[in-house]
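Student: I have a structure here, written as structure tokens, and I will follow up with some questions on it.
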Amino acid sequence: MECNYELKDGCLRICVPKELDHHCAVGLRMEADLLIEAYQVRKLVFDFSETEFMDSSGIGVLIGRCKNMSYSGGEVTAENLSERVQKIFVVSGLHKIIKIETKEDN
Amino acid sequence: MENKMKVEFDSQSINEGFARVAVAAFVANLDPTMDELADIKTAVSEAVTNAIIHGYENMAGTVELSCVLTGQTVTITVTDHGKGIEDIEQAKMPFYTSKPELERSGMGFAFMEAFMDEVYVDSAVGNGTCVKMEKRLGRRDES
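So the protein sequences, as listed, match chains H and G. Per the numbering used here, the first sequence runs over residues 1 to 106. Per the numbering used here, the second sequence runs over residues 107 to 249.
In structure tokens form, the structure reads like this:
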């Protein structure tokens, strides 16, 4: 699985892969949690610029990371959502629990 | 005119992507919109993932995937011969998951229902599950 991570000043930026399904979710979750714990991440950013496909397995990963971050008082945001990914967020209600940053906000 | 295809593959998560692409390539014959195609891919992904995680519980098994095009209607069937679903209504409830430890969102059936027109589930404990989904394409042109 290809997934890039950037760590800077307690902020972990996860470049979500092209397709976030169950197959890819398993590895992403493991790697993200390792990094979050090891580097005491306070802010988590999911960058969807490369993502063309996401299903409910992806939702599970995001909700799970949100829960973990809220226990430790951290923050989670999602950025650069394609129209498709945005639709998945809305259908699942994820847009109500994760802050979505649009280009205008940056 | 009817046109149909059928594929079988091992219940390994790496095949989820294959299943989506196989159906998308076949449905492309009907000239769907990008949105319709994405809806179908999402629904296929949900049904196949369920078969692998819940039907076979990540053990070896075969997932059957068929797709029938009748006019502008796409009918997709995903079948497993795994453990089956005890309570289908409960399984369909949004946010319900039998495997919270796997961090499943419980949105699988909700997504199938959101992105397809009809979803039928037939299941028998110990025998497996068959999910049949229908979507009518090209409604953007209807008046």
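Where a beta carbon is used, it is the ideal one built from N, C-alpha and C, also for glycine.
(1) Does any residue of chain G have a CB that is nearer than 8 angstroms to the CB of valine 16 (chain H)?
(2) Which residues in chain H have a C-beta closer than 8 angstroms to the C-beta of lysine 147 (chain G)? List them in chain order.
(3) Assign threonine 203 (chain G) to buried or exposed, taking buried as 16 or more other Cβ atoms, counted over all protein chains shown, within 10 Å of its Cβ.
(4) Provide the residue span of the alpha helix (DSSP H) that contains lysine 96 (chain H), from first to last.
(5) Does the distance from the C-beta atom of arginine 65 (chain H) to that of leucine 35 (chain H) stay below 8 angstroms?
(6) In the segment 27–85 of chain H, which residue ranges form an unbroken alpha helix (DSSP H) of at least 4 residues, counting only runs that do not cross its ends?
(7) Classify phenylalanine 201 (chain G) as helix, strand or coil using the three-state DSSP reduction.
(8) Near valine 85 (chain H), which residues of its chain fall below 6 angstroms by C-beta distance, leaving aside the five closest residues on each side in sequence?
(9) Considering only residues of the same chain and omitting the five flanking positions on each side of glycine 74 (chain H), which have a CB-CB separation below 7 angstroms?
(10) Bridge partners of phenylalanine 115 (chain G), per DSSP?
(11) Rounded to whole angstroms, what is the Cα-Cα separation between serine 249 (chain G) and glycine 58 (chain H)?
(12) Please confirm whether serine 70 (chain H) has its beta-carbon closer than 8 angstroms to some beta-carbon of chain G.
(13) Any C-beta of chain G sitting closer than 8 angstroms to the C-beta of glutamate 19 (chain H)?
(14) With 8 angstroms as the threshold, decide whether the Cβ of isoleucine 194 (chain G) is near any Cβ in chain H.
(15) To the nearest angstrom, report how far apart lysine 238 (chain G) and isoleucine 100 (chain H) are at their CA atoms.
(16) Relative to the C-alpha of alanine 230 (chain G), which candidate in G:Met111, G:Ala134, G:Lys189, G:Tyr162 has its C-alpha closest?
(17) In angstroms with no decimal places, state the Cα-to-Cα distance between aspartate 228 (chain G) and methionine 213 (chain G).
(18) Give me the Cα-Cα distance between alanine 220 (chain G) and cysteine 236 (chain G), rounded to the nearest whole angstrom.
(19) Does the Cβ of alanine 38 (chain H) have 16 or more other Cβ atoms within 10 Å, making it buried, or fewer, making it exposed?
(20) Going by the CB atoms, is the gap between lysine 198 (chain G) and phenylalanine 217 (chain G) shorter than 8 angstroms?
(21) With burial defined as no fewer than 16 other Cβ atoms inside 10 Å of the residue's Cβ, what is the status of threonine 139 (chain G): buried or exposed?
(22) According to DSSP, which residues form a beta bridge with cysteine 24 (chain H)?
(23) Taking all protein chains shown into account, decide if aspartate 186 (chain G) is buried (16 or more other Cβ within 10 angstroms of its Cβ) or exposed.
Tutor: Judging by the given coordinates:
(1) Counted from its first residue, the first sequence places residue 16 (chain H) at position 16. So no, valine 16 (chain H) is outside the interface.
(2) Residue mapping note: residue 147 (chain G) aligns to position 41 of the second sequence, counting from 1. Within 8 angstroms Cβ-Cβ: Phe53.
(3) Along the second sequence, read from residue 1 onward, the residue named residue 203 (chain G) stands at position 97. Looking at its Cβ environment, which holds 16 or more other Cβ atoms inside 10 Å, threonine 203 (chain G) is buried.
(4) For this step, residue 96 (chain H) is matched to residue 96 along the first sequence. Element bounds for lysine 96 (chain H): n/a, residue is neither H nor E.
(5) Residue numbering aside, residue 65 (chain H) sits at position 65 when the first sequence is read from its first letter. Residue numbering aside, residue 35 (chain H) sits at position 35 when the first sequence is read from its first letter. Contact flag unset, no.
(6) 56–71
(7) For the purposes of this step, residue 201 (chain G) is taken as residue 95 along the second sequence, with counting starting at 1. Phenylalanine 201 (chain G): coil per DSSP, three-state reduction.
(8) Within the first sequence, numbered from 1, the residue matching residue 85 (chain H) stands at position 85. The answer, listed in chain order, is Phe48, Thr51, Met54.
(9) As a position in the first sequence, residue 74 (chain H) is number 74, starting the count at 1. Val41, Arg42, Lys43, Leu44.
(10) Translated into the one-based positions of the second sequence, residue 115 (chain G) becomes position 9. According to DSSP, which records beta bridges pairwise, phenylalanine 115 (chain G) is partnered with G:Val169.
(11) The count along the second sequence starts at 1 and reaches residue 249 (chain G) at position 143. The count along the first sequence starts at 1 and reaches residue 58 (chain H) at position 58. Unreliable positioning characterises serine 249 (chain G) in this predicted model, as indicated by a pLDDT of 44, which lies under 50. A coordinate reading is not provided.
(12) On the first sequence, residue 70 (chain H) is found 70 positions in, with the first residue counted as 1. Serine 70 (chain H) does not count as touching chain G.
(13) For the purposes of this step, residue 19 (chain H) is taken as residue 19 along the first sequence, with counting starting at 1. Closer than 8 angstroms: yes.
(14) Numbered from its first residue, the second sequence carries residue 194 (chain G) at position 88. No, isoleucine 194 (chain G) lies away from the interface with chain H (no Cβ there is under 8 angstroms from its Cβ).
(15) Residue mapping note: residue 238 (chain G) aligns to position 132 of the second sequence, counting from 1. Residue mapping note: residue 100 (chain H) aligns to position 100 of the first sequence, counting from 1. Those two C-alpha atoms are separated by around 34 angstroms.
(16) Locating residue 230 (chain G) in the second sequence gives position 124, where the first residue counts as 1. Cα-wise, what sits closest to alanine 230 (chain G) is G:Lys189.
(17) Indexing the second sequence from 1 puts residue 228 (chain G) at position 122. Indexing the second sequence from 1 puts residue 213 (chain G) at position 107. Roughly 18 angstroms between the two C-alpha positions.
(18) Counting from one through the second sequence, the residue named residue 220 (chain G) turns up at place 114. Counting from one through the second sequence, the residue named residue 236 (chain G) turns up at place 130. Distance between the alpha carbons of alanine 220 (chain G) and cysteine 236 (chain G) is about 18 angstroms.
(19) By 1-based counting over the first sequence, the position of residue 38 (chain H) is 38. By the neighbour-count rule (16 or more Cβ atoms within 10 Å), alanine 38 (chain H) is not buried but exposed.
(20) Position 111 of the second sequence, counted from the start, is the residue given in the question as residue 217 (chain G). Position 92 of the second sequence, counted from the start, is the residue given in the question as residue 198 (chain G). No.
(21) Locating residue 139 (chain G) in the second sequence gives position 33, where the first residue counts as 1. Per the 10 Å Cβ criterion, exposed.
(22) Within the first sequence, numbered from 1, the residue matching residue 24 (chain H) stands at position 24. None, per the DSSP bridge assignment.
(23) The count along the second sequence starts at 1 and reaches residue 186 (chain G) at position 80. Buried, by the Cβ-count rule.
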